[in-house]
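Quick note on numbering: the numbering used here labels position 33 of the sequence shown as 1105, and the sequence is numbered without any gaps. Don't be surprised by glycine CBs; every beta carbon is placed ideally from N, CA and C. Worksheet: the structure to be examined is printed underneath.
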Amino acid sequence: MHCSEMELELSDEECLALIQQQPDGPTIIILLLLLLFSLLTSLCELSIKD
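Here it is in structure tokens:
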């Protein structure tokens, strides 16, 4: 990810440091899995109520 995409008001050096600390791929995948999991659980709860 580029700093401009993240919409953070940081200098280039700070931005590079942030990017190097956080590898994008794995964290994005984990976030997507968490989103899917929460969606599935909410759908299950709705179907149980009906």
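Item, Value
"CA-to-CA distance, Leu1107 to Thr1113, given in whole angstroms", "10 Å"
"DSSP state of Ser1119 mapped onto helix, strand, coil", "helix"
"Ser1114 in three-state terms, based on DSSP", "helix"
"Ser1083 in three-state terms, based on DSSP", "coil"
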